[in-house]
Amino acid sequence: MKETQLLKGVLEGCVLAIIKRQQVYGYELVQIMRDYGFTTIVGGTIYPLLQKLEKQGLINSKELTSPDGPNRKYFFITAYGEEQLMNFEEQWNSLIIKVNRIVENEESE
Numbered sequence: 485m486k487e488t489q490l491l492k493g494v495l496e497g498c499v500l501a502i503i504k505r506q507q508v509y510g511y512e513l514v515q516i517m518r519d520y521g522f523t524t525i526v527g528g529t530i531y532p533l534l535q536k537l538e539k540q541g542l543i544n545s546k547e548l549t550s551p552d553g554p555n556r557k558y559f560f561i562t563a564y565g566e567e568q569l570m571n572f573e574e575q576w577n578s579l580i581i582k583v584n585r586i587v588e589n590e591e592s593e
């Protein structure tokens with residue numbers, strides 16, 4: 485199974501977690517994801533996801549001046565986004581435990 489298929493279900497949570505830590509613009513978010521080792525992430529993946537998250541009210545955006553050229557659209561998490569991120573983290577942690585049990589061939593308790 486390709487990494488991109490596995491990542492598809494968790495990318496939203498990863499993006500929300502990054503945006504919670506710092507306001508970012510799209511290209512910067514791609515670079516941060518790559519710094520974490522997700523080298524297959526491209527703008528064509530991130531920008532539609534940012535639009536979707538904004539439409540759902542999980543993030544908001546504002547245009548700020550950039551010292552390096554044109555204004556940039558920065559994204560920040562909303563209270564609703566933080567709530568959904570907490571839900572994601574709980575579900576993710578539960579899933580990790582279950583998957584590790586299966587992969588490591590442990591018996592269920």
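Numbered by my numbering, the letters in the sequence shown go through residues 485 to 593 in order. In this text, a Cβ means the ideal position worked out from N, Cα and C, and glycines have one as well.
request  = In angstroms with no decimal places, state the Cα-to-Cα distance between Leu569 and Pro532.
outcome  = Indexing the sequence shown from 1 puts residue 569 at position 85. Indexing the sequence shown from 1 puts residue 532 at position 48. C-alpha separation (whole angstroms): 19 Å.
inquiry  = Quick check: what's the CA-CA separation for Asn589 versus Lys582?
reply    = Position 105 of the sequence shown, counting from 1, holds the residue named residue 589. Position 98 of the sequence shown, counting from 1, holds the residue named residue 582. So the two alpha carbons sit approximately 10 Å from each other.
task = Indicate whether Ile502 and Val514 have their beta-carbon atoms separated by less than 7 Å.
result = Against the sequence shown, residue 502 aligns to sequence position 18. Against the sequence shown, residue 514 aligns to sequence position 30. Cβ atoms of Ile502 and Val514: not closer than 7 Å.
key: Span of the alpha helix (DSSP H), counted from its first residue to its last, around Asn555   = Taking the sequence shown and counting its residues from 1, the one referred to as residue 555 is at position 71. Here Asn555 belongs to no alpha helix (DSSP H); instead the beta strand (DSSP E) covers 553-561.
task = Give the single residue among Thr523, Glu512, Glu566 whose Cα lies nearest to the Cα of Leu491.
result = Within the sequence shown, the letter at position 7 stands for residue 491. Nearest option by C-alpha distance: Thr523.
query = With distances taken from CA atoms, which of Pro551, Leu542, Asp552, Arg585 is nearest Phe572?
reply = On the sequence shown, residue 572 is found 88 positions in, with the first residue counted as 1. With distances taken between Cα atoms, Phe572 lies closest to Leu542.
request  = Could you tell me how far apart the beta carbons of Lys557 and Tyr509 are, in whole angstroms, since I believe they sit closer than 8 Å?
outcome  = Locating residue 557 in the sequence shown gives position 73, where the first residue counts as 1. Locating residue 509 in the sequence shown gives position 25, where the first residue counts as 1. The pair is a contact, with the Cβ atoms about 6 Å apart (cut-off 8 Å).
query = Which whole-angstrom value is the C-beta distance of Val499 and Leu537, which I expect to be below 8 Å?
reply = Translated into positions along the sequence shown, residue 499 becomes position 15. Translated into positions along the sequence shown, residue 537 becomes position 53. So it is a contact: roughly 7 Å between Cβ atoms.
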